[in-house]
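S.K.:
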Amino acid sequence: MLEKRLRELTARWLAQDFGAKIEETSITVNHTKKEHEGDVTIVVFPLTRYTGKSPEETARLLGEKLKSDADIVATYHVVKGFLNLTLTASYWLNELQKIAANTSYGMLPSNGQRVVLEYCGPNTNKPLHIGHVRNMLLGYAMGEILKAVGYEVIKVNIYNDRGIAICKSMVAYRRFANGATPQSVGVKGDHFVGDWYVKFNEAVNEELQNISDKPDDKDEAAKLTPIYREAQEMVKKWEAGDPETLALWKQMNEWVYEGFRETYRMLGVDFQKDYYESETYKLGKDIIEEGLQKGIFKKRADGAVVIDLTEEGLDEKVLLRSDGTSIYITQDLGTAELRYREFNMDKMIYVVANEQDYHFKVLKLCLQKLGRAWADGIYHLSYALVESPTGRFKSREGKTADADDLIAEVLRLAEEKTRELGKIEGLTDEQLAELYRIIGLGALKYFILRVNPYKKIIFNPEESIDLHGHTGPFIQYTHARICAVLRKADENDEVPGVFCDDLKPEERELIIHLTNYENTLRNAAATYDPSELANYLYQLAKLYNKFYHDWPILNAATEPERALRLLITQQTGRIIRQGMKLLGMEVPERM
RNA sequence: GGCCCCGUAGCUCAGCUGGAUAGAGCAACAGCCUUCUAAGCUGUGGGUCAUUGGUUCGAAUCCAAUCGGGGUCACCA
Numbered sequence: 020m021l022e023k024r025l026r027e028l029t030a031r032w033l034a035q036d037f038g039a040k041i042e043e044t045s046i047t048v049n050h051t052k053k054e055h056e057g058d059v060t061i062v063v064f065p066l067t068r069y070t071g072k073s074p075e076e077t078a079r080l081l082g083e084k085l086k087s088d089a090d091i092v093a094t095y096h097v098v099k100g101f102l103n104l105t106l107t108a109s110y111w112l113n114e115l116q117k118i119a120a121n122t123s124y125g126m127l128p129s130n131g132q133r134v135v136l137e138y139c140g141p142n143t144n145k146p147l148h149i150g151h152v153r154n155m156l157l158g159y160a161m162g163e164i165l166k167a168v169g170y171e172v173i174k175v176n177i178y179n180d181r182g183i184a185i186c187k188s189m190v191a192y193r194r195f196a197n198g199a200t201p202q203s204v205g206v207k208g209d210h211f212v213g214d215w216y217v218k219f220n221e222a223v224n225e226e227l228q229n230i231s232d233k234p235d236d237k238d239e240a241a242k243l244t245p246i247y248r249e250a251q252e253m254v255k256k257w258e259a260g261d262p263e264t265l266a267l268w269k270q271m272n273e274w275v276y277e278g279f280r281e282t283y284r285m286l287g288v289d290f291q292k293d294y295y296e297s298e299t300y301k302l303g304k305d306i307i308e309e310g311l312q313k314g315i316f317k318k319r320a321d322g323a324v325v326i327d328l329t330e331e332g333l334d335e336k337v338l339l340r341s342d343g344t345s346i347y348i349t350q351d352l353g354t355a356e357l358r359y360r361e362f363n364m365d366k367m368i369y370v371v372a373n374e375q376d377y378h379f380k381v382l383k384l385c386l387q388k389l390g391r392a393w394a395d396g397i398y399h400l401s402y403a404l405v406e407s408p409t410g411r412f413k414s415r416e417g418k419t420a421d422a423d424d425l426i427a428e429v430l431r432l433a434e435e436k437t438r439e440l441g442k443i444e445g446l447t448d449e450q451l452a453e454l455y456r457i458i459g460l461g462a463l464k465y466f467i468l469r470v471n472p473y474k475k476i477i478f479n480p481e482e483s484i485d486l487h488g489h490t491g492p493f494i495q496y497t498h499a500r501i502c503a504v505l506r507k508a509d510e511n512d513e514v515p516g517v518f519c520d521d522l523k524p525e526e527r528e529l530i531i532h533l534t535n536y537e538n539t540l541r542n543a544a545a546t547y548d549p550s551e552l553a554n555y556l557y558q559l560a561k562l563y564n565k566f567y568h569d570w571p572i573l574n575a576a577t578e579p580e581r582a583l584r585l586l587i588t589q590q591t592g593r594i595i596r597q598g599m600k601l602l603g604m605e606v607p608e609r610m
């Protein structure tokens with residue numbers, strides 16, 4: 020790699036001419052800023068303490084050295100303490116050809132490591148909302164990026180399928196539905212069940228009016244209503260294994276899963292394994308026992324098991340209820356252990372909202388204290404909420420937060436815009452529907468993925484989904500353009516052979532950017548941040564559009580120029596397609 | 001109140017382990033389609049990088065404090 024090589028050469032120079040031993044990593048090699056001439060820049064300020072010379076003189080000496088030693092350096096310029104190197108055209112041409120010849124460019128060899136990636140994690144009492152969408156897009160993209168850099172990835176989902184929430188839907192259904200089904204009323208299963216959840220809350224409010232002398236706290240008051248008590252009863256019946264309750268529970272959850280599967284398919288996300296809280300909620304008690312025996316956990320006077328994390332700057336945390344039943348963290352401890360036994364993974368990533376930062380700190384600490392070496396590989400991919408311009412999306416606030424509605428809306432926008440532009444003659448209805456889907460989802464997915472996960476997203480339903488500028492469709496459009504060029508090139512049956520030996524600035528920049536692709540992937544994986552890839556692809560598309568605008572490709576003045584530009588075009592298209600795929604986005608061949 | 005995260009152009013966001021005159025998009029205005037897709041390209045205006053202090057050759061970036069916004073501190077998940 021170029022930067023590494025320059026660092027080595029610089030370090031060797033310092034050693035030979037000045038007897039200085041320095042860490043290669045302490046030498047900064049950057050891309051040269053636009054306003055200066057050059058491809059890469061070595062910052063020489065830190066080197067002056069070894070050379071004992073001024074920054075300018077140091078840069079000049081190093082420049083001379085590199086120019087004579089490294090045959091890839093064409094010229095150099097010194098600006099203050101910056102050494103700007105321009106590499107030879109043949110170096111860049113060679114890099115381009117290496118990329119073109121490498122069929123697995125952007126797919127690094129296996130690193131022998133396995134990662135379990137948990138994402139989505141919905142409750143089964145209501146439909147998916149925009150928060151889940153961010154979660155799923157992040158989780159899916161992260162998984163694909165990790166695969167690309169050499170991990171074996173097992174994506175898993177966890178369903179919170181039991182407890183008071185689903186029982187509320189069940190109670191309302193039993194009371195008011197008269198045996199209706201999603202099929203009978205023509206409603207998607209998860210929405211169907213969610214509607215009964217809403218109905219439950221309405222019923223609570225109605226019954227509340229008949230209760231005098233109720234507490235000020237609304238949640239406390241609700242617990243006094245008959246229908247709420249019925250829900251609590253149902254939780255107990257469920258835990259007791261009452262057949263009738265279990266049957267209804269299974270039926271309603273199955274409706275929900277059917278609905279979820281449809282949304283997953285629409286978003287293009289997948290899971291290799293599902294976990295259900297109803298199956299894992301009792302897990303973890305043996306770990307609690309182990310912790311007690313090792314003296315890491317302790318039993319409080321009231322019987323609850325706790326861990327003291329005050330030394331780590333946290334609090335004392337309850338891990339098991341005083342009545343001996345599991346709570347969230349108990350089962351998460353158990354599930355983690357279970358997964359390690361099943362998969363023997365090197366890393367486990369949880370894509371979960373940042374509200375649970377504290378929980379995952381505790382979880383990781385507990386496992387580490389228990390001596391689980393693999394716990395070091397736990398990473399909480401924490402992401403911030405998606406908010407409306409007026410603040411947090413409330414599930415009751417309306418349609419805008421619902422995942423399915425959101426998807427439908429972006430598809431509609433894509434169709435409207437595509438029709439308006441009218442470049443779609445000759446496409447069948449199926450092809451058109453496919454195109455709207457690709458573009459609409461591209462807009463939505465890119466909008467969410469381009470933002471750093473730890474930053475909150477302000478989502479304005481009216482304005483946020485754009486098809487111009489820094490967007491998914493912009494990148495998709497660039498790909499469609501590239502395809503159009505390549506189609507026409509094929510017709511003329513040209514064979515790229517000889518290349519021209521000088522590079523236009525736009526060509527040079529594109530090639531440089533293409534050579535950064537694998538590094539970007541590694542970075543995105545190491546920082547668990549798909550937005551790095553998203554922004555890289557935007558830069559790439561932008562550079563290509565500039566190049567496309569400024570230089571004729573098919574009608575280039577000379578054959579070597581034409582061949583070079585076609586190769587650049589082809590490789591740019593390839594990286595766009597690949598990178599977008601990792602982010603979960605498709606690219607059309609025309610639009 | 002303790003702890004955690006965020007604060008960059010009117011709006012939405014980049015800015016890699018400290019490096020040159022802080023960048024994109026949207027919105028506004030002005031241009032570019034007899035040549036490969038104008039969902040594009042070019043230009044103009046727009047900034048006390050929340051504030052103050054510190055670290056050093058150099059700070060949007062690191063440290064501390066302050067001010068704003070959010071989260072969390074449940075035997076909920």
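For the first sequence, this note's numbering assigns the number 20 to the initial residue and increments by one for each residue that follows. Here a beta-carbon is modelled for each residue, glycine too, at the ideal position from N, C-alpha and C.
(1) Cutting at 6 Å between CB atoms, please list the residues of its own chain near alanine 78, excluding the five before and the five after it.
(2) Less than 8 Å separating the beta-carbons of leucine 265 and tryptophan 274?
(3) Give the C-beta separation of leucine 157 and leucine 400 to the nearest angstrom, bearing in mind that I take them to be a contact with Cβ-Cβ under 8 Å.
(4) Would you call tryptophan 547 buried or exposed, if buried means 16 or more other Cβ atoms sit within 10 Å of its Cβ?
(5) For the beta strand (DSSP E) that asparagine 49 lies in, which residues bound it at each end?
(6) Who are the Cβ neighbours of isoleucine 467 in its own chain at under 6 Å, not counting the five residues just before and after it?
(7) Let me check one thing: in DSSP terms, what residues is tyrosine 369 bridge-paired to?
(8) Could you give the distance in angstroms between the alpha-carbon of glycine 310 and the alpha-carbon of valine 337?
(9) Mind checking leucine 559: buried by the 16 CB within 10 Å criterion, or exposed?
(10) Across which residues does DSSP place glycine 410 in a beta bridge pair?
(11) Spell out the partners DSSP gives serine 345 in its beta bridges.
(12) With DSSP as the reference, label asparagine 113 as helix, strand or coil.
(13) Quick one: measure Cβ to Cβ for histidine 6 and aspartate 421, integer angstroms, because I've assumed they're closer than 8 Å.
(14) Since glycine 287 and glycine 603 are thought to touch, with beta carbons under 8 Å apart, how far apart are those beta carbons, to the nearest angstrom?
(15) Helix, strand or coil: which one does DSSP assign to lysine 86?
(16) Tell whether a beta-carbon distance below 8 Å holds between aspartate 342 and glutamate 335.
(17) Using the Cα positions of glutamate 453 and asparagine 121, report the straight-line distance between them to the nearest angstrom.
(18) Under three-state DSSP, which class holds asparagine 471?
(19) Helix, strand or coil for alanine 320? Go by DSSP, reduced to three states.
(20) So if DSSP puts leucine 477 in a beta bridge, which residue, or which two residues, is it bridged to?
(21) How would you call lysine 174, buried or exposed, if buried means at least 16 neighbouring beta carbons within 10 angstroms?
(22) Excluding the five sequence neighbours on either side, which residues of its own chain have a C-beta within less than 6 Å of the C-beta of aspartate 376, listed in chain order?
(23) Could you tell me which of Val606, Glu525, Lys84, Val325 sits nearest to aspartate 569, measuring between CA atoms?
(24) Thinking just about the alpha-carbon of each residue, which of Asn144, Ile306, Glu356 is nearest to the one in phenylalanine 279?
(25) Assuming aspartate 520 contacts serine 109 under a Cβ cut-off of 8 Å, what Cβ separation, rounded to an integer in Å, is found between them?
(26) Would you please state the rounded distance, in angstroms, between the beta carbons of tyrosine 368 and methionine 161? I believe it to be under 8 Å.
(27) Based on DSSP bridge pairs, tell me the residues matched to isoleucine 173.
(28) Hey, out of Ser550, Thr534, Leu562, Leu556, whose CA is closest to tyrosine 124's CA?
(29) With a cut-off of 8 Å, do at least 3 Cβ pairs link the segment 350–359 to the segment 376–385?
(30) Would you check if the segment 387–401 and the segment 427–434 touch, i.e. whether three or more CB-CB distances between them fall below 8 Å?
(31) Can you tell me whether proline 408 is buried or exposed, with buried defined as 16 or more other CB within 10 angstroms of its CB?
(32) Reducing DSSP to helix, strand and coil, say where glycine 38 ends up.
(33) Helix, strand or coil: which one does DSSP assign to lysine 292?
(34) Spatial neighbours of valine 622 within its chain, please: CB distance less than 6 Å, with the 5 preceding and 5 following residues excluded, ordered by chain position.
(35) Taking the beta strand (DSSP E) that threonine 105 falls in, what are its first and last residues?
(36) If you count every other CB in all the chains shown that lies within 10 Å of the CB of glycine 57, and 16 or more means buried, which is it?
M.R.: Short version:
(1) Taken in chain order, the residues that qualify are Val63, Val97, Leu102.
(2) Contact: no.
(3) Their Cβ separation, rounded to whole angstroms, is 7 Å, which keeps leucine 157 and leucine 400 in contact under 8 Å.
(4) With the sequence shown as reference, residue 547 is identified as tyrosine, and tryptophan is not the correct amino acid for it. It is buried - the Cβ of tyrosine 547 has at least 16 other Cβ atoms within 10 Å.
(5) Taken as a continuous stretch (DSSP letters only), the beta strand (DSSP E) holding asparagine 49 covers 48–50.
(6) Excluding residues within five positions, the ones whose Cβ falls inside 6 Å are Arg153, Leu156.
(7) Looking at the DSSP assignment, tyrosine 369 forms a beta bridge with Glu137, His399.
(8) Roughly 13 Å between the two C-alpha positions.
(9) Buried: at least 16 other Cβ atoms inside 10 Å.
(10) Per DSSP, Ser407.
(11) Paired residue(s): Leu339.
(12) In the structure shown, the three-state DSSP call for asparagine 113 is helix.
(13) Past the edges of the chain, shown from 20 to 610, lies residue 6, and the structure says nothing about it.
(14) Their Cβ separation, rounded to whole angstroms, is 6 Å, which keeps glycine 287 and glycine 603 in contact under 8 Å.
(15) In this structure, lysine 86 counts as helix in the three-state DSSP scheme.
(16) Their beta carbons are not under 8 Å apart, which means aspartate 342 does not touch glutamate 335 by this criterion.
(17) Each residue's alpha carbon lies about 31 Å from the other.
(18) Asparagine 471 carries a coil assignment under DSSP once its states are collapsed to helix, strand and coil.
(19) Note: alanine 320 maps to coil in three-state DSSP.
(20) In the sequence under discussion, the amino acid at residue 477 is isoleucine, which differs from the leucine named in the question. Glu406.
(21) A residue is called buried when at least 16 other Cβ atoms come within 10 angstroms of its Cβ; lysine 174 meets this threshold and is buried.
(22) Here the set comprises Ser401.
(23) Of all alpha-carbon atoms in Val606, Glu525, Lys84, Val325, the one lying nearest the alpha-carbon of aspartate 569 is that of Glu525.
(24) Of Asn144, Ile306, Glu356, the residue nearest in Cα terms is Asn144.
(25) With 8 Å as the limit, aspartate 520 and serine 109 qualify as a contact, their Cβ atoms being about 7 Å apart.
(26) In the sequence as displayed, the identity of residue 368 is isoleucine instead of tyrosine. Their Cβ separation, rounded to whole angstroms, is 7 Å, which keeps isoleucine 368 and methionine 161 in contact under 8 Å.
(27) The partner list for isoleucine 173 (beta bridge, DSSP) reads Val135.
(28) Ranking the options by Cα distance to tyrosine 124, first place goes to Thr534.
(29) Yes: the two stretches touch, three or more of their Cβ pairs being nearer than 8 Å.
(30) Counting Cβ pairs under 8 Å, fewer than three are found: no touch.
(31) Exposed is the call here.
(32) Looking at glycine 38 - three-state DSSP - the assignment turns out to be coil, as it is neither helix nor strand.
(33) Assignment of lysine 292 by DSSP, reduced to helix, strand and coil, places it in the strand class.
(34) Since the first residue of the chain shown is 20 and the last is 610, residue 622 is not available in this structure.
(35) Judged by DSSP secondary structure, threonine 105 falls within the beta strand (DSSP E) whose first and last residues are 101–106.
(36) Buried, since its Cβ has 16 or more Cβ neighbours within 10 Å.
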